[in-house]
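Presented below is the structure to which this report refers.
Protein chains: 2
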Amino acid sequence: MTASIKEVAQRAGVSLGTVSNVLNRPDAVAPQTRQRVLDAIRELGYVRNDSARQLRAGRSRTVAIVVLDVSNPFFTDVVRGAEAVVEAAGGMLVVCSSGEDPARERHHLDLLEEQRVRGLLITPVGDDHHRRLERLVARGIPVVLVDRGSGQSNRCSVAVDDRLGGRLAAEHLAAAGHRRIGFVGGPLAIPQVADRHAGASEALAAHGDGVELRMFETRSLTVAAGREAAERVCALPAKQRPTALFCANDLLALGALQGLTVGGLRVPQDIALVGYDDIEFAGAAAVPLTSVRQPREQLGRTAAQMLLEEAENDGDHGHRHVVFQPQLVVRQSTSGVGRPQTT
Amino acid sequence: MTASIKEVAQRAGVSLGTVSNVLNRPDAVAPQTRQRVLDAIRELGYVRNDSARQLRAGRSRTVAIVVLDVSNPFFTDVVRGAEAVVEAAGGMLVVCSSGEDPARERHHLDLLEEQRVRGLLITPVGDDHHRRLERLVARGIPVVLVDRGSGQSNRCSVAVDDRLGGRLAAEHLAAAGHRRIGFVGGPLAIPQVADRHAGASEALAAHGDGVELRMFETRSLTVAAGREAAERVCALPAKQRPTALFCANDLLALGALQGLTVGGLRVPQDIALVGYDDIEFAGAAAVPLTSVRQPREQLGRTAAQMLLEEAENDGDHGHRHVVFQPQLVVRQSTSGVGRPQTT
DNA sequence: CCATTGGCTTGTATCGTTTCAGCAACCGGG
DNA sequence: CCCGGTTGCTGAAACGATACAAGCCAATGG
Chain A
1 MTASIKEVAQ RAGVSLGTVS NVLNRPDAVA PQTRQRVLDA IRELGYVRND SARQLRAGRS
61 RTVAIVVLDV SNPFFTDVVR GAEAVVEAAG GMLVVCSSGE DPARERHHLD LLEEQRVRGL
121 LITPVGDDHH RRLERLVARG IPVVLVDRGS GQSNRCSVAV DDRLGGRLAA EHLAAAGHRR
181 IGFVGGPLAI PQVADRHAGA SEALAAHGDG VELRMFETRS LTVAAGREAA ERVCALPAKQ
241 RPTALFCAND LLALGALQGL TVGGLRVPQD IALVGYDDIE FAGAAAVPLT SVRQPREQLG
301 RTAAQMLLEE AENDGDHGHR HVVFQPQLVV RQSTSGVGRP QTT
Chain B
1 MTASIKEVAQ RAGVSLGTVS NVLNRPDAVA PQTRQRVLDA IRELGYVRND SARQLRAGRS
61 RTVAIVVLDV SNPFFTDVVR GAEAVVEAAG GMLVVCSSGE DPARERHHLD LLEEQRVRGL
121 LITPVGDDHH RRLERLVARG IPVVLVDRGS GQSNRCSVAV DDRLGGRLAA EHLAAAGHRR
181 IGFVGGPLAI PQVADRHAGA SEALAAHGDG VELRMFETRS LTVAAGREAA ERVCALPAKQ
241 RPTALFCAND LLALGALQGL TVGGLRVPQD IALVGYDDIE FAGAAAVPLT SVRQPREQLG
301 RTAAQMLLEE AENDGDHGHR HVVFQPQLVV RQSTSGVGRP QTT
């Protein structure tokens, strides 16, 4: 059914090794022999068997990236960045989504380990993954943490300063005079969420005089969760209700925007809204969203580069921790007045 | 470095085959032997080598899906549907993005063929892929066309009726009294685009009396391309300018919305806008978008089911062609009056 | 004219699994 | 006491590719 190198050899009247040479070191084969082999390959429709290659070589050319949610445009942009780098290097990037579920994450890691992937980019779900990743590294599979700083010095990481991002958002709101601010996000086990919250908290504490940060925890970082959180906000009596919401990502913010509108609250007149990530859709929302921008594609590119670099110099390799700075993009959802902007 | 089955066998004091049995047919091994083997596995941190497994088995457990654009929420939803089915069956789904580029598509297919994937879900870029896919099928790799009907009877397909979708959109606009309608989409080599256009064209022709459908071709189906098309529209003198735009997908429509706003045209008062796909962000846009809804996740689920089914019954298998019906969802971008809706 | 070189090619071992025929020990029935 | 049937395990043969030592032959140099 599927021709192997042996049949190609037979047909071309050469030995196994020669065919292999044609494939891998064409210059080491005499031109006319090479041509005969190439003809045979074409005639039989021969295609290399990667399993065999990998088995022999002991390593694969595929790199995996495990993200929290493929449907989140933030991650698809990260993936695109990583993809570009990996493909340029002749590899293949496989994308797995943990869906914020530690069990699925583990399952994916199991499979990827069995496949002996060349390296792993991961945005881990919780905090209990250290031993697991440790083991991969010990096995010679380099790991780069994405969108997550690492205290660990035995692996690289690429992150954006989430505390700073949280501070930027909170300071912006506090400066606009908000005193009751709500934080929408969760699960708190996700470090990015915790850090953004911590940053906001920090900034408000520094601000002094009873600025309050109230937590509206969500079960996931999705539009639906944002809508649901907004319902809780709307249900509060006006006196207790926050006058501004800081959402842990833009999906939540977009959901919250919908939920608030349904609940009869106007953004930003009745309640201001800040998102996080500045995904492409944030600026195009019903009320264009103020958001904390992250260098999404660059995150992916840098992570992939570091990974490939580590994969080359098998073994010794100075682990680096790159931290990018987020940037506040102010739009209508916090600006009180003004006309729609579309950047 | 990485333990193999042989070392496990040695440590447990049994033969190779026994370890393999513990892994694959645990009941065929005496409980205490089994335990010894399991202990050895744990102590050595043994992990199966999938390459070797695949090589021996001649087939892999991974299924691939090749989509036009991972950043398009339509496709991420399709992917999620497919993923759910494949994972439930114990497999793994690898996602590749062709970026609407035939060369990249070919490259991915090459790699996937080398990997001897179990099956392939694909939304092909152009129309010249038949021979290519044919070859995969001949090799025993089942192929299911996604979001694309197939005249071919030797493979399955799952699609949504794009001509009908185009008709729905165009009829809606014509019924609202629009006489100069613009179609924004491209490249036309993408069958979905061509079909949606054809459907619209058809509906308007049936409508008679000089209703005009003018083409604004784009280079891709992205937000940026939509913005750029809107600039072209804005540049036209008011008399020639369409009073409505039908965009081949929601990304284009969202981009167009931004471009039109920047160009000083109001949606829907000055120009109406219809998108396609009804992605989650369509309803949350600055002006909630009227759009043609497709059953996105179901598309993926059905495709994956058909693929797995075909992969089971190696060989004979009745190829099916499932066609879903799209559905027009009317929102503010074509409704002239009314208040924001958020569903 | 022999030795040496260098260009091409061959054959074989190897990677880590799974599979399968075969062997040893044991059991109960005739 | 032997025989057929289990049960539990072993050992070797694949799977398809790559690497590498070794061989062959013609050409080159002394």
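Going down the list, the sequences are from chains A and B. Quick note, the first sequence lines up with residues 1 to 343 if you use UniProt numbering. Quick note, the second sequence lines up with residues 1 to 343 if you use UniProt numbering. Ideal Cβ positions, reconstructed from N, Cα and C, are used throughout, including at glycine. Here the structure is a predicted model, which means the values were calculated and not measured.
Which parts of the region 27-85 of chain B are runs of the beta strand (DSSP E), unbroken and 3 residues or longer, counting only runs that do not cross its ends?
62-67
By a C-beta neighbour count over all protein chains shown, 10 Å radius and 16 as the cutoff for buried, is Glu113 (chain A) buried or exposed?
Burial state of Glu113 (chain A) is buried, judged by a 10 Å Cβ sphere holding 16 or more other Cβ atoms.
C-alpha gap between Gln10 (chain A) and Leu55 (chain B), whole angstroms:
21 Å
Nearest-angstrom Cα separation, counted from Ala304 (chain A) out to Asn49 (chain B):
24 Å
From the DSSP output, which residues share a beta bridge with Ala272 (chain B)?
B:Ala244
Does DSSP put Thr302 (chain B) in a helix, a strand or coil?
helix
Taking the C-alpha atoms as reference points, what is the distance between Ala57 (chain B) and Ala3 (chain A)?
16 Å
DSSP has Cys96 (chain A) in a bridge; who is on the other side?
A:Val66
What number of angstroms, rounded off, separates the C-alpha of Ser333 (chain B) from the C-alpha of Lys239 (chain B)?
21 Å
Measuring CB atoms only, is the region 89-98 of chain A touching the region 61-70 of chain A, in the sense that at least three cross pairs come out at less than 8 Å?
yes
Distance check for Val37 (chain B) and Val19 (chain B), CA to CA, integer angstroms please.
6 Å
Test: Leu55 (chain B) CB closer than 7 Å to a CB of chain A
yes
Should Arg80 (chain B) be labelled buried (16 or more other beta-carbon atoms within 10 Å of its own) or exposed?
Buried, by the Cβ-count rule.
Should the region 180-198 of chain B be called in touch with the region 234-251 of chain B, which here means at least 3 C-beta pairs below 8 Å?
yes
Do you know how far the Cα of Gly166 (chain B) is from the Cα of Ala174 (chain B)?
Looking at the backbone, the Cα of Ala174 (chain B) and that of Gly166 (chain B) are separated by about 12 Å.
Output the distance between the C-alpha atoms of His197 (chain B) and Leu221 (chain B), rounded to the nearest integer angstrom.
14 Å
Along chain B, which residues have their Cβ under 9 Å away from the Cβ of Gly45 (chain A)?
Arg135, Ala138 and Arg139
Just checking my contact of Val70 (chain B) with Val95 (chain B) at CB under 8 Å: how many whole Å lie between their CB atoms?
Right, the Cβ-Cβ distance comes to about 7 Å (below 8 Å), so this counts as a contact.
For Arg320 (chain B), the three-state DSSP class (helix, strand or coil):
For Arg320 (chain B), the secondary structure class from DSSP, reduced to helix, strand or coil, is coil.
If we cut at 7 Å on Cβ distances, does Arg48 (chain B) have a partner in chain A?
yes
Find out if the Cβ-Cβ distance for the pair Arg155 (chain A), Val137 (chain A) is shorter than 7 Å.
yes
Minimum Cβ-Cβ distance from Thr76 (chain B) to chain A less than 7 Å
yes
Span of the beta strand (DSSP E) around Leu213 (chain B):
Glu212 to Glu217
I think Glu231 (chain A) touches Gly259 (chain A), with their Cβ atoms under 8 Å apart; what is that distance to the nearest whole Å?
5 Å
For Ser157 (chain A), count neighbouring C-beta atoms within 10 Å of its own C-beta (all shown protein chains included) and say buried if the count is 16 or more, exposed if not.
buried
Reducing DSSP to helix, strand and coil, say where Leu289 (chain A) ends up.
coil
Work out the CA separation of Ala206 (chain A) and Met215 (chain A) for me, nearest whole Å.
18 Å
Pick from A:His317, A:Glu7, A:Phe281 and A:Val330: whose alpha carbon is nearest that of Asn72 (chain A)?
That would be A:Phe281, whose Cα lies nearest to the Cα of Asn72 (chain A).
is_contact[Leu111 (chain B), chain A] using C-beta, thresh 7 Å
Output row for Leu111 (chain B): interface = yes.
Against chain A, which members of the region 240-268 of chain B pass a CB distance test of less than 9 Å?
Leu251, Leu254, Gly255, Leu257, Gln258, Gly259, Thr261 and Val262
With a threshold of 16 other CB atoms inside 10 Å of the CB of Asn24 (chain B), please say whether the residue is buried or exposed.
Burial is judged here by how many other beta carbons sit within 10 angstroms of a residue's own beta carbon; Asn24 (chain B) has fewer than 16 and is exposed.
Note the first and the last residue of the continuous alpha helix (DSSP H) segment covering Val223 (chain B).
Val223 to Ala235
Give a yes or no on whether the minimum CB-CB distance between Leu16 (chain B) and chain A is below 7 Å.
The Cβ of Leu16 (chain B) sits no closer than 7 Å to any Cβ of chain A.
Report yes if the C-beta distance between Leu273 (chain B) and Leu168 (chain B) is below 7 Å; otherwise report no.
no
According to DSSP, residues forming a beta bridge with Asp162 (chain A):
According to DSSP, Asp162 (chain A) bridges with nothing at all.
Ile122 (chain B) by DSSP, collapsed to three states: which one?
Note: Ile122 (chain B) maps to strand in three-state DSSP.
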